[in-house]
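Number of protein chains: 2
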Amino acid sequence: MSSSDRIIFIGAGGLGLTAAFNLARKNPDLKIIVFSRETTVAYSQCGMPFVLDGKIPGFDNLILYNPEVFKDLGLDVRTGTGIASIDTDRKSVTTDKGEEVHYDKLVIGTGTVPFVPPIPGTGLRGVHRLINLDDGRSILKSISSSKNAVIIGGGPIGLETAPAFLDRGINLTIIERMPQLLPSSLDPDMAVLLEEYLISKGARVMTGKGVSSINGAERVESVTVDGETIPADMVLLSAGVRPNVELARKAGFEIGPAGGIVVDPYFRVKMNNLILDDVFAAGDCAEVISAITNKPMLCAVGSVANRQASYLTDQLLGKGAPYGPVICPTVCVVGDLHIGSVGLNSRACESMGIKPISFKATGNTRARYYPGGKKINIKLISDGERIVGGQVIGEEGVHGRINTLSLGIKKGITPIELADMETCYAPPVSPMIDPMTYAAEMLALRCARKK
Amino acid sequence: MSSSDRIIFIGAGGLGLTAAFNLARKNPDLKIIVFSRETTVAYSQCGMPFVLDGKIPGFDNLILYNPEVFKDLGLDVRTGTGIASIDTDRKSVTTDKGEEVHYDKLVIGTGTVPFVPPIPGTGLRGVHRLINLDDGRSILKSISSSKNAVIIGGGPIGLETAPAFLDRGINLTIIERMPQLLPSSLDPDMAVLLEEYLISKGARVMTGKGVSSINGAERVESVTVDGETIPADMVLLSAGVRPNVELARKAGFEIGPAGGIVVDPYFRVKMNNLILDDVFAAGDCAEVISAITNKPMLCAVGSVANRQASYLTDQLLGKGAPYGPVICPTVCVVGDLHIGSVGLNSRACESMGIKPISFKATGNTRARYYPGGKKINIKLISDGERIVGGQVIGEEGVHGRINTLSLGIKKGITPIELADMETCYAPPVSPMIDPMTYAAEMLALRCARKK
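Taken in sequence, the protein lines are chains W and C. Here the first sequence is numbered in UniProt numbering, starting from 1 and rising by one per residue. Here the second sequence is numbered in UniProt numbering, starting from 1 and rising by one per residue.
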């Protein structure tokens, strides 16, 4: 790519801004423009629940880079500017202010949009989302005077925010339409542990029930669910996210079966069945390939977007390597509880035609005589041959085990290989027999019996 | 194996007692005798440093099973009884009390013996080892009146015990003959971090210096090292362990190049170049095969012995599978610092004829804006193709990363595969880019440059 080329990024999230940074550092002569609809960029979205619950002092702590840094790098970051359309013939984008800007290479990193349930009252005052810093500040402002709050949706961001209400003594009701919390990561028997934890902290959890309306004159006053009216002076909508693909769809780029933009292993979009050489999409708005099923899937995870940004940078510099399939490990922190998942859960297995064989074990995170150890719950899932998924819930040791599973599943390990994994041991940090290797051993026996 | 067979275990450590338990549970009709020189069995040796530093209330907490449990299982555990000799022709052992006992199958699980440096004064009062509960109780008794203590040897158990002295305000000198602490696990540049930590806690650390004598009339009064006399009212000898193979050697069993009993993948010992069908050895006294070099090595690690006990149980029940090569991950906890290692360090690489290529990274254990995160130091070592070793030092997140490396190294991962590993992310438990994947990425670049 010539150094006089102009690269345009649409979206300044974990994918776009990271790739733009990388590019500017590696080739300072490039002309790079980053458009963002938002007024503030380069902040951590994932940190917001922990500002609300007081663990992090303030929202300013979440701002990762001062705008001065962009200037120093020669990046032209245009905040508060959305893109209205893309014209691939003219190789240009048009801003929502009507300005047409030419590109040589275009990167779509538009991320996700929150799903807003189609019910009355979502526009009332006091009904919040938690997408950007303004949302966070607005929740923080009203939370101190709140007495009754409702979280609609049992997804990670909403649940991570639950302690912000509970720790303040606010009556909190969590409503999830599916019969369990975190339905996209957990099996029902694991989700129960999270539900019990939230109940122990004072929350009311209603699963398998849809909200029929949010009620109030100008401000929210209550929420109606399953015929019951629950008082609410605050509502947090957290009913999941969808890939933000409207702009791409309008431009004629192919949208895949999972709902994201279709890209090849070099992040190139498709149009009329042809791969475009100058338009790329990555991050939460694009589909990825599952390392387990080889089918397209979504993976709206910051660490994956960040890794894609590295590959995309090389691609834009003309030395790209193919980006491989993903496992998509996640961890969600709800108060003291860490909830991790990786690969397929049982429901995902069944929807892929895989008959899941699983084993669930409970163990300790330290030698049983060492004070302060925590219970840890591990569920492993196999397709009968390999490990295809894992779920881990506990107050410590979750992150490390999920990452081990992430590597193992990608390498195609079998239950017996995981059972044979050597684990390090010292009484203050681990039991001699890791509960994960124990679970793997029992899973291997179960798989052998089913053969 | 007939259920009237008699199985004899020599040694009641992590290998022997575990296998005897397993056997008794799976086949209650077996006649099982376990001989132990010690008066108390079924306690956690690894827990002793943490009783001494007050983290665990008392030594009784370390006793894992009441002797009643043995009786309930029908195990004949003969404590305080050593074995003086083995006669493979008569298929019998003779105890140190002169009793001859017949076996059908014999398992040698004699563990290790401490290395006692050949210097004057090791027999003085106040010179301790930390091998069994009596040692621990004896140290605990004298530590409260101690003012000046010396630890001879920079191995894990001694260093784990250091805080017991430092937290009590006792002047502590740690002396290691090699030029660094933990020489068998760490590279010198990583060992420096541990040394700095101990110094910051008030220890004096002398490396590359041998003790020439321990001085005193009846009780220890000082230690002479490098011409200097250091006052000492207590000395802890912690100069490493050796496989306890004297009995096996006397019986004619083959001892290997690493100093342990030679066994085949079914734990059968060798005699006059022949494999014996009725004598087995496992645990710390036997050699294992390195999964990296395929050469014999020692691995005195409880979690490995425990896993061997499972394989050995199946073997003794006549349905054995071959036990595979090992990686031997370790973690050592010195105060707040966790020190992990797995695979080969640079010195081990060089002694195996491998030219190590390494990269060392420092990162954070949480999102950088999340309070309470700790610095974590990671060194990865490659032979140019695969990852062959890793060392991790920090106050949290060490155990999980070592286990991930343990699995990865066994599966033969390359630096770029580790760099591509997907890690889960939530600000309270992890940074978005894991320092280990960053280190792997840089290591991959370094390996590519050296090609």
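Glycine is no exception: its CB is placed at the ideal position from the N, C-alpha and C atoms.
Backbone CA spacing between residue i and residue j [nearest angstrom]
i	j	result
residue 371 of chain C	residue 103 of chain W	42 Å
residue 40 of chain C	residue 400 of chain C	33 Å
residue 389 of chain C	residue 225 of chain W	56 Å
residue 9 of chain W	residue 21 of chain W	11 Å
residue 48 of chain C	residue 55 of chain C	10 Å
residue 366 of chain W	residue 333 of chain C	12 Å
residue 148 of chain W	residue 232 of chain W	5 Å
residue 42 of chain C	residue 190 of chain C	34 Å
residue 426 of chain C	residue 398 of chain W	11 Å
residue 220 of chain W	residue 116 of chain W	16 Å
residue 412 of chain C	residue 419 of chain W	17 Å
residue 414 of chain W	residue 57 of chain W	44 Å
residue 304 of chain W	residue 391 of chain W	19 Å
residue 455 of chain C	residue 319 of chain C	Missing from the structure shown is residue 455 of chain C; chain C here goes from 1 to 451 and no further.
residue 193 of chain W	residue 162 of chain W	15 Å
residue 373 of chain W	residue 68 of chain W	46 Å
residue 120 of chain W	residue 349 of chain W	35 Å
residue 289 of chain W	residue 265 of chain W	9 Å
residue 275 of chain W	residue 423 of chain C	30 Å
Cβ-Cβ distance between residue i and residue j below 7 Å
i	j	result
residue 443 of chain C	residue 380 of chain C	yes
residue 299 of chain C	residue 326 of chain C	yes
residue 77 of chain W	residue 34 of chain W	yes
residue 81 of chain C	residue 306 of chain C	no
residue 105 of chain C	residue 284 of chain C	no
residue 302 of chain W	residue 286 of chain W	no
residue 338 of chain C	residue 236 of chain C	no
residue 151 of chain W	residue 174 of chain W	yes
residue 110 of chain C	residue 244 of chain C	yes
residue 342 of chain W	residue 402 of chain W	yes
residue 421 of chain C	residue 130 of chain W	no
residue 308 of chain C	residue 291 of chain C	no
residue 154 of chain C	residue 186 of chain C	no
residue 436 of chain C	residue 357 of chain C	no
Nearest candidate by alpha-carbon position, reference residue i, set the options
i	options	result
residue 216 of chain W	W:125, W:264, W:155	W:125
residue 432 of chain W	C:129, C:331, C:113, C:428	C:331
residue 280 of chain C	C:323, C:257, C:258	C:323
residue 347 of chain C	C:73, C:160, C:179, C:310	C:179
residue 183 of chain W	W:239, W:173, W:140, W:149	W:239
residue 360 of chain W	W:60, W:100, W:422, W:438	W:438
residue 166 of chain C	C:67, C:53, C:181	C:53
residue 491 of chain C	C:122, C:264, C:266, C:271	Missing from the structure shown is residue 491 of chain C; chain C here goes from 1 to 451 and no further.
residue 446 of chain C	C:382, C:410, C:352, C:230	C:382
residue 84 of chain C	C:36, C:391, C:68, C:434	C:36
residue 241 of chain C	C:428, C:113, C:101	C:113
residue 177 of chain W	W:194, W:205, W:192, W:185	W:205
residue 363 of chain W	W:384, W:336, W:350, W:395	W:395
residue 376 of chain W	W:329, W:416, W:335, W:434	W:434
residue 313 of chain C	C:11, C:13, C:27	C:27
residue 393 of chain C	C:91, C:196, C:416	C:196
Cβ separation of residue i and residue j, assumed to be a contact under 8 Å, to the nearest whole Å
i	j	result
residue 316 of chain C	residue 23 of chain C	6 Å
residue 159 of chain W	residue 59 of chain W	The pair is not a contact, with the Cβ atoms about 20 Å apart (cut-off 8 Å).
residue 143 of chain W	residue 168 of chain W	7 Å
The region 326 to 351 of chain W: which residues have C-beta closer than 8 Å to a C-beta of chain C, in chain order? 326, 327, 328, 329, 330, 331, 332, 333, 338, 340, 342
Using a Cβ cut-off of 7 Å, which residues of the region 43 to 65 of chain W contact any Cβ in chain C, in chain order? 44, 46, 47, 50, 55, 56, 61, 62
Interfacial residues, the region 397 to 416 of chain W to chain C, with Cβ spacing under 8 Å: 397, 398, 399, 400, 401, 402, 403, 404, 406, 407, 408, 410, 411, 413
Please identify, using Cβ separations under 8 Å, the residues of the region 288 to 308 of chain C that lie next to chain W, in order along the chain. 301, 302, 303, 304, 306, 307
Could you run through the region 416 to 437 of chain C and flag, in chain order, every residue whose CB is less than 7 Å away from some CB of chain W? 420, 421, 422, 423, 424, 425, 426, 427, 428, 429, 430, 432, 433
Using a Cβ-Cβ cut-off of less than 8 Å, give me the residues of the region 370 to 387 of chain W that come near chain C, in sequence order. 370, 371
Taking a Cβ distance cut-off of 9 Å, strictly less, list which residues of the region 153 to 165 of chain C are near chain W, in chain order. 156, 160
Mind listing which residues of the region 5 to 37 of chain W have their C-beta closer than 9 Å to chain C's C-betas, in chain order? 14
Give me the subset of the region 268 to 287 of chain C whose CB atoms are less than 7 Å from a CB atom of chain W, sorted by chain position. none
Chain C contacts made by the region 310 to 325 of chain W, where a contact means CB separation under 7 Å: 324
What residues in the region 184 to 210 of chain C bring their beta carbon closer than 9 Å to a beta carbon of chain W? none
With 7 Å as the limit, tell me which residues of the region 353 to 370 of chain C have their beta carbon closer than that to any beta carbon of chain W; keep them in chain order. 367, 369, 370
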